[in-house]
Structures are given as C-alpha cells and as structure tokens.
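Q:
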Amino acid sequence: MTAALTAPGIQNLRKRAQFLFVRAGVRAARPVVLIEARRRAEAGPIGLGLTASRKVGMAVIRNRARRRLREAARQLLPLYGLPGVDYVLVARQ
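Numbers given in my numbering equal positions in the sequence shown, counted from 1, plus 615.
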C-alpha cells in the first residue's frame, strides 16, 4: 500500500511489531470487520494497518476485501479517527 492510496494524515503500518502492538489494544468485532486500536506514546498521524487471512478466501477475494477496507478507512478515519492512535482493520468472511 503506497502513501498515495491513503488520505493525508494517515500513515501505513508495515512491520509485524506495529501490528502486534495494536493487537494488545481494544477491539470491536462486527460481522465483516474486526477493528483493533491502540494509542501510541507519541502524538502523530493516524496509523492504519489492513489484513485479510486465508480464511477470507482465495487471493482475489482477499485483495478485494483489503481494497474495500482501504477505501472505507480513507473516507472514515479522517472524520472519526484520533491522531496518535493506530488502527488495524481485519477483514472477515
């Protein structure tokens, strides 16, 4: 995921350690997505990570799920996301 695909003020989580850090935070489960969030020690832009496991489906379906999550995050995180908080969106089947 490149920076051009996300909204301004949103940085991408890329490293496993960043995803594991967020996993220790709060979670909200919905039928199509699991949202994990955790505040960082330092203030800064909103962090965003996307993931879809093989439980979701084959590669084409997983990629489509990630694209949809990316677009939803691009529209909603600038409105509802908090600066200095990392979010991970996990696609569900």
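For glycine and all other residues, C-beta sits at the position ideal for the given N, C-alpha and C.
Run through the DSSP bridge pairs and tell me what residue 706 is partnered with.
A: For this step, residue 706 is matched to residue 91 along the sequence shown. Answer by DSSP bridge pairing, in chain order: 648.
Q: Going by C-alpha distance, which of 699, 706, 663 is nearest residue 655?
A: The residue given as residue 655 occupies position 40 in the sequence shown. Of the listed residues, the one whose Cα sits closest to residue 655 is 699.
Q: Looking at residue 633 and residue 659, is the spacing between their C-beta atoms short of 8 Å?
A: Residue numbering aside, residue 659 sits at position 44 when the sequence shown is read from its first letter. Residue numbering aside, residue 633 sits at position 18 when the sequence shown is read from its first letter. Not in contact: residue 659 and residue 633 (Cβ atoms no closer than 8 Å).
Q: So what does DSSP say about residue 675, is it helix, strand or coil?
A: Locating residue 675 in the sequence shown gives position 60, counting from the first residue. Here residue 675 sits in helix by DSSP.
Q: Report the CB separation of residue 648 from residue 704 in whole angstroms; it is logged as a contact under 8 Å.
A: As a working note, residue 648 is residue 33 in the sequence shown. As a working note, residue 704 is residue 89 in the sequence shown. Their Cβ separation, rounded to whole angstroms, is 6 Å, which keeps residue 648 and residue 704 in contact under 8 Å.
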